[in-house]
Amino acid sequence: MVRLPRVQKEITACLQCGYCIDVCEAHNQTPWESVTPRGKIYYITQLDKAGIGLEDKILKREVTLSPEFVDAMYKCTGCGNCEVVCHAKIHLVDFWEKMRDWIVANGAGPLSAHKGMAEKVAKFHNPYGEPPSKRDAWWPEDVERAAVPDTIFFAGCTGSYRMQHIAQAGVRVLARAGVKMNCLGDKEWCCSSPLLRTGNPNESLGCAETVVEKADGMGAKDMVMTCSGCYKTVSSDFGRFYAKVGQNVYHFSQYVEKLINEKKLPLNNEFNAKVTYHDPCHLGRHSGVYDAPRNVIQKIKGIEFVEMTRSRENSRCCGAGGGYKSQFNDFATRIAAERVRDAEETGAEVLITCCPFCVLNLTAGAKMIGSKMKIMDLSQVLLQVTAPKEEKKE
Ligand code: SF4
Ligand code: SF4
């Protein structure tokens, strides 16, 4: 048994107060105390007391991880809502990832779907098992690929293979502002977020190395992504376990806000609708980007913007993150349905977000409850709003 990582600080800090319970969407789907943040920490404390580590070695005690505990540790979207409400200020998102790394190091994880994803990333460089040669097949013919770009557009695996219309909308909008862009082609490997979130950090090194080396060889100064998961991983995680990319990394919402403020991106058309905004966990709670998407939305003429009761750092997770959707799809869709209900309560007709994976799951949630809510990525809204006036809207 591999020793427990250094988690004494976290388990000692936990007051077992239970503030984290009600905000945990995974717990709301599986109402067992063992799935709550408090319950998981309690279990880990007991494991620690049982002496997994030095004491165990001395006493030659065999302690095994229970499959129920492993299951509970993966019944978590990594949303970070528990961390926001935890008044002991425990860094719970990192803590869950550390514990998953430990579970995998002990051969007790990851779960079947995550193993499959890791194998596909190793072979095809994306968790969907799609051919690397088709990685950039989504690039629209009407947008020029600059040989020496100023900006690298990083579509991500979901944008490249499942939600191509979002990546296409992203580059079309940027092209309208005169941004000279290109992508990494077949060297755009998975950002490795699916590996990092599920306990496979070692496997992610090759992905980071390939992306950093290719990007740095292109001479661009900026990198932009519509995917919030890729944004968090490339901007925060790459430097932790490999190297930072040499570019300034922006989420699409931030880049577009800058372009609008610099008067490079004209908002030609109105978008007449009552809209609300869902904060992707990786962009909001994890990266602190709350204002840029709201500022852009509120610059668009015709929009009536309303906030959901749970917004910004208290936003309800869409249910897709942390490998949760790939292993527990039904639960993930039900969480998304709850989020769509939050949006319905505001009277909005359109729910805008900033991540293809959120769009994918929220759309599934809306379908599950027969909601008429229109789910759109910010890039899709901007594609309509920035169209030349004479061009017919999509
Ligand atoms: S990160 Fe989210 S899903 Fe995971 S334990 Fe915390 S609140 Fe629950
Ligand atoms: S809110 Fe923090 S201190 Fe309280 S039970 Fe949850 S993890 Fe422990």
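Count the sequence shown with this note's numbering and you get residues 14 to 407, in order.
Glycine residues also receive a C-beta, built at the ideal position from the N, C-alpha and C atoms.
Local conformation of H264 per DSSP, three classes: strand
Nearest-angstrom beta carbon gap, P214 and D114 [assumed within contact, 8 angstroms]: 6 angstroms
Bridge-paired residues (DSSP) for K387: V363
Beta-bridge partners of D235, as assigned by DSSP: T164 and N261
Start-to-end residues for the alpha helix (DSSP H) that takes in Y174: G169 to Y174
Ligand 4 heavy atom lying under 8 angstroms from the CB of T25: For ligand 4, the structure offers nothing, since it holds only ligand 1 and ligand 2.
4 or more residues per run - each alpha helix (DSSP H) lying fully within the segment 307 to 350: 337 to 340
Separation of G315 from C410, as counted between CA atoms: Outside the displayed span of the chain (14 to 407) sits residue 410, for which this structure offers no information.
Option nearest G259 by Cα separation, candidates L396, R253 and A228: A228
T376 to P293 span [Cα, whole Å]: Distance between the alpha carbons of T376 and P293 is about 14 angstroms.
N119 beta carbon less than 9 angstroms from that of C37: The answer is no: Cβ separation not under 9 angstroms.
heavy atom of ligand 1 below 8 angstroms from A39 C-beta: Checking the Cβ of A39 against ligand 1 gives yes.
Selection from V237, L396, D155 and G169 that minimises the alpha carbon distance to P140: G169
Per DSSP, cross-strand counterpart(s) of K287: Looking at the DSSP output, K287 sits in a beta bridge with E317.
Closer than 8 angstroms: H100 CB and nearest ligand 2 heavy atom: yes
Rounded Cβ spacing between T346 and V237 (contact assumed at less than 8 angstroms): In this structure, T346 and V237 do not form a Cβ contact; the two beta carbons are roughly 29 angstroms apart against a cut-off of 8 angstroms.
Neighbour flag for V83 against chain C, beta carbons, 9 angstroms: Considering every chain present, this structure includes no chain C. It has just one protein chain.
Terminal residues of the alpha helix (DSSP H) in which I24 lies: Where I24 is concerned, the enclosing alpha helix (DSSP H) stretches over Q21 to A26.
Range of the contiguous alpha helix (DSSP H) that encloses N41: E38 to Q42
Element boundaries [alpha helix (DSSP H), containing A228]: Note, A228: alpha helix (DSSP H), L218 to D229.
Residues that DSSP places opposite M194 in a beta bridge: T164
Contact under 9 angstroms by Cβ, E216 with A131: yes
The segment 240 to 254 contacting the segment 379 to 394, beta-carbon criterion three pairs below 8 angstroms: The segment 240 to 254 and the segment 379 to 394 do not touch, with fewer than 3 CB-CB distances between them shorter than 8 angstroms.
Inter-residue spacing [alpha-carbon to alpha-carbon] between V288 and R323: Distance between the alpha carbons of V288 and R323 is about 15 angstroms.
Whole-angstrom distance between V15 and A221, CA atom to CA atom: 26 angstroms
T49 Cβ short of 8 angstroms to ligand 1 heavy atom set: yes
As assigned by DSSP and simplified to three states, the class of W109: helix
Distance cut-off 8 angstroms: I57 Cβ against heavy atoms of ligand 2: no
H264, buried or exposed, once every other Cβ within 10 Å from all chains shown has been counted against 16: buried
Same chain only: Cβ atoms within 6 angstroms of L197, ignoring 5 sequence neighbours per side: K227
heavy atom of ligand 2 below 8 angstroms from C30 C-beta: yes
C95 (DSSP reduced to helix, strand or coil): helix
Length of the line joining the Cα atoms of G91 and S79: 21 angstroms
8 angstroms CB neighbourhood of S125 in its chain, flanking five on each side removed: Q340
Residue range of the unbroken alpha helix (DSSP H) whose run includes C11: Lying outside 14 to 407, the shown extent of the chain, residue 11 is not represented and no answer is given.
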